[in-house]
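Working notes, structure below.
Protein chains in written order, with the working numbering: chain A, 3 to 310; chain B, 34 to 452.
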């Protein structure tokens with residue numbers, strides 16, 4: 003069974019530093035596989051994986067599917083808008099129906115925090131969290147930290163800033179847990195209405211000043227700002243967000259060091275990140291995407307108990 | 034059938050027998066005799082190593098979901114749970130479907146509870162359809178004997194509406210009861226805002242949402258010189274504000290749900306929907322403040338906060354789960370456990386009996402010879418662990434199953450019935 007300390011990957015909070023290191027080592031090997039002419043290994047040929055996406059996703063879903071196919075798993079995909087399951091069949095019923103067709107693993111994205119934990123108490127299959135509401139998105143955090151490590155080496159003592167909507171971001175929370183486990187220092191930066199009141203109790207610093215935060219950090223991880231998904235307007239306009247918190251080339255040029263710029267996508271060019279930044283030599287945004295496949299291969303492989 | 038309670042310690046400050054251990058003979062629904070020893074003449078004997086008797090408990094915050102949501106609780110199961118918990122009177126929240134906002138609905142509810150061992154006192158909706166806009170026909174409902182008016186778990190957001198309601202009920206010395214929650218601050222919060230809500234990624238509501246409305250309502254009560262009852266406070270600041278208001282002579286009373294005294298928000302760690310409650314579970318510091326508030330009489334009453342939900346409404350994702358638990362069966366044992374170090378039994382029973390009864394202006398049923406037997410008998414010190422089968426409520430969703438609580442309700446007398 004699972005070679006990680008947990009049966010499932012529900013979040014970063016409950017895995018260990020050793021788990022993270024093992025995932026990174028395994029991902030490094032898979033990354034090498036992905037450079038080969040034949041990018042496929044037979045490791046999971048006896049495993050059937052269901053990708054259940056109860057919330058829209060393009061890149062995460064494709065990244066998981068590709069990782070599964072590269073490992074030779076059998077893959078089925080299921081997508082449903084959250085509202086239809088809320089009113090009709092329950093989550094547990096939906097998943098049990100799928101499991102009745104002999105599925106070994108579940109990769110799930112769901113709009114509700116804790117949905118994966120609930121599911122883990124009712125089903126036998128292994129679960130990988132591909133995002134649960136505003137809670138966690140562990141594979142994103144792993145690929146982010148992995149990409150940072152490629153650039154900076156050991157993350158111990160490194161300074162990582164996360165910019166944007168921290169309040170509604172699962173990426174931020176998972177990033178915080180993952181980076182702290184690896185010894186990095188984390189600062190979050192955004193408008194006060196988008197910073198959770200108790201975030202400092204997680205051991206992170208808070209800043210409302212983008213320029214100062216850039217001067218502090220080694221890595222700027224810039225999150226997407228979405229106005230359309232917020233029921234309440236926490237900021238007046240994207241224009242004003244851009245003026246106060248948008249990361250520009252001019253800001254990067256003003257620094258006396260070269261920092262790494264990241265973004266989990268999809269980007270709003272001209273809002274949280276200027277095109278000149280996204281396309282600059284600072285940016286490792288496409289490496290993140292590439293590493294995503296290797297990280298997800300590693301997670302699935304280790305959870306399935308393959309390897310030694 | 035006549036009943037003889039043997040060596041029962043009577044807790045009833047209004048009775049001559051207060052704090053005395055006596056035998057009590059009950060026949061035809063009347064307390065026939067109270068004496069040091071009453072010989073047994075084929076009476077049904079009720080005895081226990083540690084038998085206590087008090088007036089029947091009165092609950093001021095209870096949802097029985099008939100009409101409309103009978104799958105959660107109907108009148109029969111709800112009142113059976115009440116009796117099982119020691120209650121002989123329950124005030125019913127108006128949030129049914131349709132809501133209890135007119136005299137016809139009040140009469141209908143009363144007809145459902147007719148001849149039951151437990152009396153009901155409907156709480157009339159303060160506004161039509163509990164929408165918080167236009168006042169309901171309060172006088173018409175009052176003519177059915179109602180005194181308490183509230184929109185139930187829906188807080189009245191519009192201060193003007195609440196002010197008018199407070200003024201309107203002055204005609205009959207009525208009481209307005211409000212659930213304190215500024216909804217555009219609590220903002221669909223699923224739990225108390227704190228470190229844990231940040232870790233769980235759940236939308237959370239700050240205590241501020243409750244504190245602000247308590248502050249507002251105290252001002253409104255003072256301005257209108259009318260009575261406001263805070264039905265289920267849960268925060269330190271709410272206690273503080275109500276204490277100050279009482280000192281100033283403003284006509285405020287307050288109650289707390291029993292569960293708020295024992296459970297805190299750290300229990301939500303695993304997204305267990307049995308801890309999804311409204312008011313939310315707060316912190317240990319708030320619990321301490323609530324206990325102090327009970328001790329110094331800032332808080333007058335302890336409610337069950339019975340808000341039963343169907344298992345299907347709980348066995349879902351946390352955000353999709355309904356708020357509330359089944360609580361009538363367990364309320365006393367929960368409160369007794371929570372207050373074992375802070376309140377004497379006498380002090381605790383006031384919060385379950387005379388204080389809520391006074392608020393409803395119920396006729397006192399003193400434990401005296403010749404009085405109607407409306408009482409509860411129990412062992413206040415017995416450790417008790419509830420299992421699902423011990424609950425009379427239709428709903429078994431409670432976090433208290435398997436938990437060590439204190440105080441075993443042995444039965445009640447009321448309306449010439451016993452259970």
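Each residue gets a CB set at the ideal place from its N, CA and C atoms; glycine is no exception. It should be emphasised that the depicted structure is a prediction, and the values quoted were computed from it without experimental measurement.
Item to check | Local Cβ density within 10 Å of residue 68/B, reported as buried at 16 or more and exposed below that | outcome: Locating residue 68/B in the second chain gives position 35, where the first residue counts as 1. Here residue 68/B is exposed, its C-beta having fewer than 16 other C-beta atoms within 10 Å.
Checklist entry - If we count the other Cβ atoms within 10 Å of its Cβ and call it buried at 16 or more, is residue 176/B buried or exposed? => result Here residue 176/B corresponds to residue number 143 of the second chain, with the count starting at 1. So residue 176/B ends up on the exposed side.
Checklist entry - Along the stretch 217-238 of chain B, what residues have a CB closer than 9 Å to any CB found in chain A? => result Those residues of the stretch 217-238 of chain B placed with their C-beta closer than 9 Å to a C-beta in chain A are 217, 220, 221, 223, 226, 227, 228, 229, 230, 231, 232, 233, 234, 235, 236, 237, ordered along the chain.
Checklist entry - Since residue 240/B meets chain A, which of its residues come closer than 8 Å, beta carbon to beta carbon? => result Within the second chain, numbered from 1, the residue matching residue 240/B stands at position 207. Those do not exist, as residue 240/B stays about 11 Å from chain A at its closest Cβ, beyond 8 Å.
Checklist entry - Looking at the C-beta of residue 189/A, does it have a partner C-beta in chain B at a distance below 9 Å? => result Stepping through the first chain from its first residue, residue 189/A is reached at position 187. Not closer than 9 Å to any Cβ of chain B, the Cβ of residue 189/A fails to qualify, so no.
Item to check | Counted within 10 angstroms of its Cβ, other Cβ atoms place residue 56/B as buried (16 or more) or exposed | outcome: Stepping through the second chain from its first residue, residue 56/B is reached at position 23. Buried, since its Cβ has 16 or more Cβ neighbours within 10 Å.
Checklist entry - Between which two residues does the beta strand (DSSP E) containing residue 260/B stretch? => result In the second chain, the residue the question calls residue 260/B occupies position 227. That run of the beta strand (DSSP E) goes 260-263.
Checklist entry - What's the C-alpha gap between residue 224/B and residue 62/B? => result Against the second chain, residue 224/B aligns to sequence position 191. Against the second chain, residue 62/B aligns to sequence position 29. Taking the straight line joining both Cα atoms gives about 46 Å.
Next on the checklist: Measuring straight from C-alpha to C-alpha, what distance separates residue 313/B and residue 347/B?
Outcome noted: The residue given as residue 313/B occupies position 280 in the second chain. The residue given as residue 347/B occupies position 314 in the second chain. Approximately 16 Å, taken between the alpha carbons.
Checklist entry - First and last residue of the beta strand (DSSP E) that includes residue 40/B? => result Working through the second chain from its first residue, we reach residue 40/B at position 7. 36-44 is the span of the beta strand (DSSP E), which, as asked, contains residue 40/B.
Next on the checklist: Just list the residues that DSSP pairs residue 493/B with in beta bridges.
Outcome noted: Residue 493/B is absent from the structure shown; chain B starts at 34 and stops at 452.
Checklist entry - Roughly how many angstroms separate the alpha carbons of residue 310/A and residue 303/A, rounded to a whole number? => result As a working mapping, residue 310/A is identified with position 308 in the first chain. As a working mapping, residue 303/A is identified with position 301 in the first chain. Low confidence applies to residue 310/A: its pLDDT is 49, below 50, so where it sits in the model is not reliable, and the reading given next is rough at best. Just so you know, the alpha carbons of residue 310/A and residue 303/A end up roughly 11 Å apart.
Next on the checklist: Three or more C-beta pairs under 8 Å: does that hold for the stretch 309-326 of chain B against the stretch 353-360 of chain B?
Outcome noted: Counting C-beta pairs closer than 8 Å gives three or more between the stretch 309-326 of chain B and the stretch 353-360 of chain B, which meets the contact rule.
Checklist entry - When you compare only the Cα positions, how much space is there between residue 94/B and residue 198/A? => result Reading the second chain from its first residue, position 61 is the one you call residue 94/B. Reading the first chain from its first residue, position 196 is the one you call residue 198/A. Each residue's alpha carbon lies about 33 Å from the other.
Next on the checklist: Residues of chain A with CB closer than 7 Å to the CB of residue 349/B, please, in chain order.
Outcome noted: Here residue 349/B corresponds to residue number 316 of the second chain, with the count starting at 1. Under the 7 Å cutoff, chain A gives 92, 93.
Checklist entry - At a Cβ cut of 7 Å, what residues of the stretch 298-317 of chain B count as close to chain A, listed as they run along the chain? => result Those residues of the stretch 298-317 of chain B that come within reach of chain A (Cβ to Cβ, closer than 7 Å) are 303, 304.
Checklist entry - Taking a cut of 8 Å between CB atoms, which residues from the stretch 321-353 of chain B lie near chain A? => result Here the close residues are 345, 348, 349, 350, 351, 352, 353.
Item to check | Close Cβ partners of residue 271/A (< 7 Å) along its chain, the five nearest in sequence each way excluded | outcome: Here residue 271/A is taken as the residue at index 269 of the first chain, counted from 1. Here the set comprises 277, 280.
Checklist entry - Roughly how many whole angstroms lie between the Cα atoms of residue 75/B and residue 58/B? => result On the second chain, residue 75/B is found 42 positions in, with the first residue counted as 1. On the second chain, residue 58/B is found 25 positions in, with the first residue counted as 1. Computed Cα separation, rounded: 12 Å.
Checklist entry - What are the boundary residues of the alpha helix (DSSP H) that residue 456/B is part of? => result The structure shown has nothing for residue 456/B, since chain B only spans 34 to 452.
Checklist entry - If you run the structure through DSSP and keep just helix, strand and coil, what is residue 117/A? => result Walking along the first chain from the start, residue 117/A turns up at place 115. It is helical.
Checklist entry - Taking the alpha-carbon positions, what's the residue 89/B to residue 264/B distance? => result Translated into the one-based positions of the second chain, residue 89/B becomes position 56. Translated into the one-based positions of the second chain, residue 264/B becomes position 231. Distance between the alpha carbons of residue 89/B and residue 264/B: 20 Å.
Item to check | residue 52/A to residue 10/A span [Cα, whole Å] | outcome: For the purposes of this step, residue 52/A is taken as the residue at position 50 of the first chain. For the purposes of this step, residue 10/A is taken as the residue at position 8 of the first chain. Using only the alpha carbons, I get a separation of about 14 Å.
Checklist entry - So what does DSSP say about residue 85/A, is it helix, strand or coil? => result Position 83 of the first chain, counting from 1, holds the residue named residue 85/A. A caution first: residue 85/A carries a pLDDT of 47, below 50, which makes its placement in the model unreliable, though a value can still be read off. Helix at residue 85/A.
Checklist entry - If residue 426/B and residue 111/B are in contact, beta carbons under 8 Å, what's the gap, nearest whole angstrom? => result Translated into the one-based positions of the second chain, residue 426/B becomes position 393. Translated into the one-based positions of the second chain, residue 111/B becomes position 78. About 7 Å; that satisfies the 8 Å criterion.
Checklist entry - According to DSSP, is residue 347/A helix, strand or coil? => result This structure cannot settle anything about residue 347/A, because the visible part of chain A is limited to 3 through 310.
Item to check | Segment contact flag, the stretch 239-256 of chain A with the stretch 109-116 of chain A, C-beta cutoff 8 Å, min 3 pairs | outcome: Because the criterion of three Cβ pairs below 8 Å is not met, the stretch 239-256 of chain A and the stretch 109-116 of chain A do not touch.
Next on the checklist: Spatial neighbours of residue 54/B within its chain, please: C-beta separation below 6 Å, excluding the five flanking residues on both sides.
Outcome noted: Against the second chain, residue 54/B aligns to sequence position 21. Result list for residue 54/B: 40, 42, in chain order.
Checklist entry - Taking buried to mean at least 16 other C-beta atoms within 10 Å of its own C-beta, is residue 174/A buried or exposed? => result Indexing the first chain from 1 puts residue 174/A at position 172. Buried.
Checklist entry - Short check: CB of residue 409/B to CB of residue 435/B, under 9 Å? => result Looking up residue 409/B in the second chain gives position 376. Looking up residue 435/B in the second chain gives position 402. Result no, Cβ atoms of residue 409/B and residue 435/B do not sit closer than 9 Å.
Checklist entry - Can the beta-carbon of residue 332/B be found closer than 9 Å to that of residue 326/B? => result Here the question's residue 332/B lines up with position 299 in the second chain. Here the question's residue 326/B lines up with position 293 in the second chain. Residue 326/B is positioned such that its CB atom lies closer than 9 Å to that of residue 332/B.
Next on the checklist: Distance cutoff 9 Å, beta carbons only. Does residue 200/A sit that close to anything in chain B?
Outcome noted: Working through the first chain from its first residue, we reach residue 200/A at position 198. It does; some Cβ of chain B falls within 9 Å.
Checklist entry - Between the beta-carbon of residue 294/A and the beta-carbon of residue 227/A, is there less than 9 Å? => result Taking the first residue of the first chain as 1, we reach residue 294/A at position 292. Taking the first residue of the first chain as 1, we reach residue 227/A at position 225. Against a cut-off of 9 Å, the Cβ pair of residue 227/A and residue 294/A comes out as no contact.
Checklist entry - Does the distance from the C-beta atom of residue 128/A to that of residue 108/A stay below 9 Å? => result Here residue 128/A refers to the residue found at position 126 of the first chain. Here residue 108/A refers to the residue found at position 106 of the first chain. It is a contact, given that the beta carbons lie within the stated cut-off.
Checklist entry - Any beta-carbon of chain B closer than 9 Å to the one on residue 1/A? => result Since the displayed chain A opens at 3 and closes at 310, residue 1/A lies outside it and no answer follows.
Checklist entry - How long is the line joining the alpha carbons of residue 153/A and residue 220/A, rounded to whole angstroms? => result The residue given as residue 153/A occupies position 151 in the first chain. The residue given as residue 220/A occupies position 218 in the first chain. Those two C-alpha atoms are separated by around 10 Å.
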